[in-house]
Structure formats: C-alpha cells, structure tokens
Ligand SMILES: Cc1cc2nc3c(=O)[nH]c(=O)nc-3n(C[C@H](O)[C@H](O)[C@H](O)COP(=O)(O)O)c2cc1C
C-alpha cells in the first residue's frame with residue numbers, strides 16, 4: 002500500500018521522513034514552486050510533469066482526457082504548450098470549446114496540480130518556431146496519411162507519406178494552454194496543503210484539503 006494516504010490526519014513527521022517543502026505554509030511560494038515544477042517538466046524527460054493529462058469536452062458534452070508531452074512553459078505569461086495533429090479529436094473539441102483542464106502529479110514530492118486552461122492553436126511565428134524545433138522522429142507521427150483515430154482493418158494499414166504531408170507539417174499544430182487557474186495540493190504527513198491561484202482574478206487562497 003502506498004504511504005501516501007489522502008485521509009491521513011495531520012501529525013508530526015517521523016524522523017527520517019521526506020523533508021517538507023520550504024513553501025509548505027507560504028501561498029506565493031507554493032505557486033512559484035508549482036511553476037518551477039512545470040518548467041522542469043519541459044526540460045526533464047524523467048519528470049512526471051513531462052507527460053501530463055489534458056481534458057477537453059466532446060461534442061456530446063462528455064469529458065475526455067489523454068496524455069501529452071509538455072513542450073513549453075512560460076511562467077511569466079502563465080502559458081504552457083504541447084504539440085498535436087490537426088486531425089485529432091482534441092483539436093475538433095478545443096475548436097468547439099477552448100476550455101480544458103490539465104492534471105499533473107509528482108509522486109516524489111506528492112504534489113498534484115490541477116489547471117484550468119484555455120486552449121489555443123498557434124499560427125505564424127509561434128507555429129514556425131515550434132515546427133523548426135521538432136525532431137525527425139516526431140515529424141514522422143504527422144506523416145501518416147489517415148487521421149489519428151481512423152478505423153483500419155489491420156495495424157499494418159497505417160500509411161506514411163512525407164511528400165504529401167510536407168514532411169508532416171501539413172498535420173502538425175502547436176497548442177498553447179493559457180493557464181487561468183492552478184489548484185495546488187501538497188500531501189504531507191504533518192497536514193496537507195491545498196490552495197487555489199486564479200490568474201484571471203489575481204487571487205490566491207488556501208483551501209481545505
Ligand atoms: C506518454 C504519452 C505521450 C503522448 N504525447 C502526445 C502528444 O504530445 N501529443 C499528442 O497529440 N498525443 C500524445 N499522446 C497520445 C494521446 O494520449 C492520445 O492518444 C492521442 O493524441 C489521441 O487523442 P485524441 O483523439 O483525444 O485527440 C501521448 C500518449 C502517451 C502515452
């Protein structure tokens with residue numbers, strides 16, 4: 002059984018237990034720590050924040066969720082970025098409703114972040130910079146002639162065509178997530194800490210965990 006139990010009562014940490022984060026009782030520092038974890042998630046492939054989940058709403062009004070790779074983080078502008086295929090379900094969904102959510106959990110620090118985001122497909126210089134930074138292996142994903150999620154008779158029926166897809170650029174799209182809210186949850190033996198940062202209202206509040 003995991004030693005991380007959400008329902009544990011506040012208690013003094015056992016000697017030798019995990020060190021408490023220095024931002025434990027500091028709202029602004031908790032927010033900054035959350036952003037530092039997001040920044041690290043872009044650079045460190047081994048960070049659990051490298052592969053968060055993004056949720057959108059389907060045409061029928063149901064939530065749907067999937068893993069993506071975190072490609073960019075601008076903590077000043079409160080923006081994240083990921084890359085996807087223009088033909089994917091999430092693109093149709095964000096075009097109909099740009100409001101989404103992102104979820105991150107780091108079992109090492111026991112920090113969960115729940116972000117309320119507005120999703121935007123990038124174009125112009127932002128698009129060009131993102132495409133220029135993609136590696137040949139990543140470009141291959143976008144060279145598939147059938148759209149992702151299309152039904153195929155056999156898994157061998159996936160066809161790649163670099164020329165017809167302009168090396169994959171025809172189907173590539175970077176997506177910016179404008180972070181509107183960040184909910185911080187820090188599980189700690191001496192008492193959990195939960196807080197809500199609303200960047201649209203410029204407010205920060207502690208919440209009951
Ligand atoms: C570890 C991991 C990383 C992934 N990264 C991405 C990604 O960066 N972009 C993407 O479009 N899909 C990525 N996927 C695939 C998505 O989870 C999803 O299956 C796919 O994008 C189709 O989603 P949709 O039909 O909801 O749009 C990743 C999956 C895993 C397991």
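In the numbering used here, the protein residues as written are 2 to 210.
A virtual CB, placed ideally from N, CA and C, is assigned to each residue, including glycine.
Can you list, in chain order, the residues of its chain with a C-beta nearer than 7 Å to that of residue i? Leave out the 5 residues immediately preceding and following it.
| i | result |
| --- | --- |
| residue 130 | none |
| residue 64 | 56 and 58 |
Give me, in chain order, the residues of the same chain whose beta-carbon lies closer than 6 Å to that of residue i; leave out the 5 immediate sequence neighbours on both sides.
| i | result |
| --- | --- |
| residue 89 | 149 |
| residue 79 | 180 and 200 |
| residue 193 | 210 |
| residue 121 | 177 |
By a C-beta neighbour count over all protein chains shown, 10 Å radius and 16 as the cutoff for buried, is residue i buried or exposed?
| i | result |
| --- | --- |
| residue 69 | buried |
| residue 153 | exposed |
| residue 135 | buried |
| residue 47 | exposed |
| residue 176 | buried |
| residue 19 | exposed |
| residue 82 | buried |
| residue 45 | exposed |
| residue 39 | buried |
State yes or no: is the C-beta of residue i within less than 8 Å of the C-beta of residue j?
| i | j | result |
| --- | --- | --- |
| residue 72 | residue 43 | yes |
| residue 23 | residue 30 | yes |
What does a CB cutoff of less than 8 Å around residue i pick up in its chain, not counting 5 residues either side in sequence?
| i | result |
| --- | --- |
| residue 161 | 141, 144, 145 and 146 |
| residue 205 | 28, 29, 32, 196, 197, 198 and 199 |
| residue 60 | 93, 94 and 97 |
The stretch 24-38 contacting the stretch 175-195, beta-carbon criterion three pairs below 8 Å
yes
With three or more C-beta pairs closer than 8 Å as the rule, is the stretch 150-157 touching the stretch 167-181?
Contact between the stretch 167-181 and the stretch 150-157 is absent: fewer than three C-beta pairs spanning the two stretches fall below 8 Å.
The stretch 140-149 in contact with the stretch 93-109 per 3-pair CB rule at 8 Å:
With a cut-off of 8 Å on Cβ pairs, the stretch 140-149 is not in contact with the stretch 93-109, counting fewer than three such pairs.
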